[in-house]
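K.L.:
In my numbering, the protein residues as written are 32 to 429. A virtual CB, placed ideally from N, CA and C, is assigned to each residue, including glycine.
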Amino acid sequence: MLNNPQSKNNDIWMKAAVVGGLWASVEIIIGSFLHNTRIPFAGSILAISGTILLIGFYQIWPHRGMIIRAGLITALMKSVSPSALILGPMTGIFMEAALIELVILLLGANLPSYLIAGIFSVSSALFHKIISLVIVYSFDLLRVYVNMINFALKQFRLAAADPMEIFTALLLVYVVMGSLAGWMGYLVGRKAKKMSAEKLDISLNSGIKNREFFPVNPEFRTSVWLLAVHIIAIPLGLFLLNYIGFYIGLSYVVIYSLFVGFRYRFAMRRLRKPVFWLQLVFILLLSTFFWNIGKKAFGPSLEGARVGFEMMIRALFIIMAFTSLSVELRNKHIRNFLFSVGMGQFYQALGLAFGALPIMISLLPGSKEIVRNPLKSLLKPIVMADQWLEIFSNKPTE
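#1: Using the Cα positions of residue 285 and residue 352, report the straight-line distance between them to the nearest angstrom.
#2: Does the Cβ of residue 178 have 16 or more other Cβ atoms within 10 Å, making it buried, or fewer, making it exposed?
#3: May I ask you to report which of helix, strand or coil DSSP gives residue 169?
#4: Since residue 56 contacts residue 415 with CB under 8 Å, what's their CB separation in whole angstroms?
#5: Can you give the beta carbon distance from residue 82 to residue 152, rounded, assuming they're within the 8 Å contact cut?
#6: Measure the alpha-carbon distance for residue 417 versus residue 288 and round it to whole angstroms.
#7: What do you get for residue 410, buried or exposed, if any count of 16 or more other CB atoms within 10 angstroms of its CB means buried?
#8: Alpha carbon to alpha carbon, how far is residue 359 from residue 137?
#9: Return the CA-CA distance between residue 222 and residue 201, expressed in angstroms with no decimal places.
#10: Going along the chain, which residues of its own chain have a beta-carbon closer than 7 Å to the beta-carbon of residue 163, five neighbours each way excluded?
#11: In the structure shown, what three-state DSSP assignment does residue 304 receive?
#12: Using 8 Å as the Cβ pair cut-off and three pairs as the minimum, do the segment 118–135 and the segment 188–206 touch?
#13: What runs of the alpha helix (DSSP H), each 4 residues or longer, lie entirely inside the segment 75–129?
#14: Given this structure, state the Cα-to-Cα distance separating residue 75 from residue 52, to the nearest angstrom.
#15: My understanding is that residue 134 touches residue 148, with C-beta atoms under 8 Å, so please give their C-beta distance in whole angstroms.
#16: Figure out for me which residue from 334, 348, 281 and 354 has the closest Cα to the Cα of residue 300.
#17: Extract the residue ranges of the beta strand (DSSP E) inside the segment 380–407, only unbroken runs of 3 or more that lie entirely within it.
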């Protein structure tokens, strides 16, 4: 059967659906725990768990192209996230999978390759975080962070560090964590391969239905034209704020924000959370007190307060703009386009993974169990893979 290229491609998409669905399930379980406990470096922790899973799955299904397909499926499954701002997590997830796929493609399926793949995958979380901060707050926030670190070093009578030294120190930590994640993924995958799949009561199979992705309020009408408007509006707003003049940019941001705030008010949940506004105020205070560290003694700075206020305005604009863009991306025309370019297999695999998601979550360990025994918890979804593949392969296309 698998000698037929079409059948082999279908098989890889089905396996990618299993991997993507189980990866998304673990992301939701761990992500909810990290969100509720406010543990820092949540993105890095999720990158480590994702890396372990992907390299683990590759031990039982070593198919070229499967990991990047699974990354695409998991990334798009973030569109069902309660958060309206989905583009950041989607790009982060896909980047992790793409880097692992690329390293294994270039270096082969061996332990050194998995270690290097883990380094690239986990380190991508650091680059993703830095790029996200720059997009939302500009390079000014990085200067504030560098000044804070040097202020702390000064208290211990240590020499100040330049930005590259700080970045290198951080990157070394991610390199160590990434290599450990690659090694653990290899061990977990090899162990799962030797175990016989435990028989789970998935008679729930009958309850698995293909689900639509890019869901949106059925009473809300998306627009391709507005999608184009947002794609143009975001760089235009940043250009006005950064290069033309703050007050001109502020006027543009106010008009744009009033429009999107009214049209997408159902999606602006993040703006209604006190924690979000506290974060902005905290950044304003950090900028006020740490902007001019090194030029003068520690204390409030009017210039720092101005820069902090500009970062707040920029952050509000970026968050509202990307929230609006995320809503318009959930458009039926995108689905129709995928079919028109021959991506029906992808769409079917994505629908199966969506439909199985609630059942997958219910069968996986809870967040407390994952914290107590992370490796054993990450072993379970890999052991379940063959059984889920059988269910997906026997599922009639709707």
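P.N.:
In brief:
#1: Spanning the two alpha carbons is a distance of roughly 12 Å.
#2: Within 10 angstroms of the beta-carbon of residue 178 lie 16 or more other beta-carbons, which makes it buried.
#3: coil
#4: Your pair residue 56 and residue 415 does not check out as a contact, with CB atoms roughly 10 Å apart and the cut at 8 Å.
#5: 4 Å
#6: Annotation: residue 417 to residue 288 spans about 48 Å, alpha carbon to alpha carbon.
#7: Residue burial annotation: residue 410 is buried, with at least 16 other C-beta atoms found within 10 angstroms of its C-beta.
#8: Residue 359 and residue 137 have their C-alpha atoms roughly 37 Å apart.
#9: One C-alpha to the other measures close to 32 Å.
#10: 119
#11: Coil.
#12: no
#13: Taking 4 residues as the shortest admissible run, the segment 75–129 contains the following complete alpha helix (DSSP H) segments, listed from N- to C-terminal end: 97–108.
#14: 20 Å
#15: 4 Å
#16: 354
#17: none
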